[in-house]
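Each residue of the sequence shown is one higher than the last, beginning at 21 in my numbering.
We treat Cβ as the ideally placed atom computed from N, Cα and C, and that holds for glycine.
Note that the structure is a prediction, hence the values are computed from the model and not measured.
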Amino acid sequence: MKKVLVTGGTGLVGNALKTIIDQSASGDEWIFVGSSQADLTDNNATRSLFERVKPTHVVHLAAMVGGLFHNMNNNLDFLRRNLQINDNVLQNAYEHGCVKVISCLSTCIFPDKTSYPIDETMVHNGPPHPSNYGYSYAKRLIDIQNHAYHDKHGCMFTSIIPCNIFGPHDNYKPEVSHVIPGMINRMYSLIHENTEVPESEKVFTVYGSGTPLRQFIYSLDLARLIIWVLDNYDSIEPLILSVDEENEVTIYEAAMAVAKAFDFKGKLICDTSKADGQHKKTASNRKLRSLLPDFQFTDFEKGVKASVNWYIDNIDKVRK
């Protein structure tokens, strides 16, 4: 029986893992830990956590994260805090004899100037987009650490690289939210404020030109894949966990999906004075498909609808 410690376990992906585990007949023990239970930037606190839990496996989700504008304004903080967290978690996993660690990276770590689609071999081929270089370099270093721990100690420390994640239990705080939860929060507010104005006359603003392309993975799909990686993927090389390339959508199309989920009757406009960030970061899931060819991803619009429904049902307790 595995004893799995999930760092960052109270967030979007941690809650998705809880949901999938509750639906399964897993005989493993899962311990979900959030920042209020252990400050992973502090090595003593991290060591105490590992001594208390005594995990055999770790799913490392904990990170300082944020949306485009939060990253742009705080690159140093993203770099330092994530370096501290990752070093403490991996070193303590080694010292406490963990069998396997899966660390979560992101497709935003790939080079800004590259060929598409990007794949696992291209992580270190050039600088990341300048908007989030602090976060990106800290996350890239996990791959270096995984190789170094394997070379020196034989550790099975690996990493996954999901595309843009969305789903229930997301973070809707305007200063840190990613694109879909940010849109969900803003559209709900628009619909429910100034109720004397007919909804058909209300205007929802899409930040930027609306043209950047993104692949989005529903959090429950990612949770299923993480469990599969935990049980079946025994390589230190990163593994991209992404929907297929043909499922890429524009930011404007994502906004349309959110509007459809709310049955929003107003109109959408694009504010081109806002930054777009990277135009695209199309990722290849060829390696994943070679290992798991029949995996069925949730339809994007269905995932958005489920996410909006969860937000509405939990409006009093969402992170916003």
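In this model, residue 302 and residue 268 are separated by some 8 Å (Cα to Cα). In the DSSP secondary-structure assignment, residue 276 is not bridged to any residue.
Just so you know, the alpha carbons of residue 42 and residue 23 end up roughly 15 Å apart. In this structure, the beta-carbon distance from residue 183 to residue 100 does not fall below 9 Å. Taking the C-beta atoms as reference points, residue 175 is found no nearer than 9 Å to residue 82. Residue 208: member of the alpha helix (DSSP H) spanning 199-212, first to last residue. Our two residues, residue 137 and residue 304, have alpha carbons roughly 5 Å apart in a direct line.
Distance between residue 160 and residue 55, taken at the CA atoms: about 22 Å. Per DSSP, residue 99 has no beta-bridge partner at all.
Rounded to the nearest whole angstrom, the CA to CA distance from residue 140 to residue 310 is 13 Å. In summary, residue 206 is buried, with 16 or more beta-carbon neighbours lying within 10 Å of its beta-carbon over all protein chains present. Among the bridge pairs identified by DSSP, residue 177 is matched with 121. Each residue's CA atom was taken as its position, placing residue 133 and residue 297 some 13 Å apart.
In this structure, DSSP gives residue 150 a helical state, which the three-state scheme calls helix. The segment 36-53 and the segment 85-94 do not touch, with fewer than 3 CB-CB distances between them shorter than 8 Å.
Within the DSSP bridge table, the entry for residue 189 names no partner. Residue 32 sits close to residue 239, with the two beta carbons spaced by under 9 Å. In this structure, the beta-carbon distance from residue 258 to residue 181 falls below 9 Å. Secondary structure remark: continuous alpha helix (DSSP H) runs of at least 4 residues inside the segment 64-118, in chain order: 88-93, 95-115. Counting only runs that start and end inside the segment 259-317, the alpha helix (DSSP H) elements of at least 4 residues fall at 271-282, 306-311.
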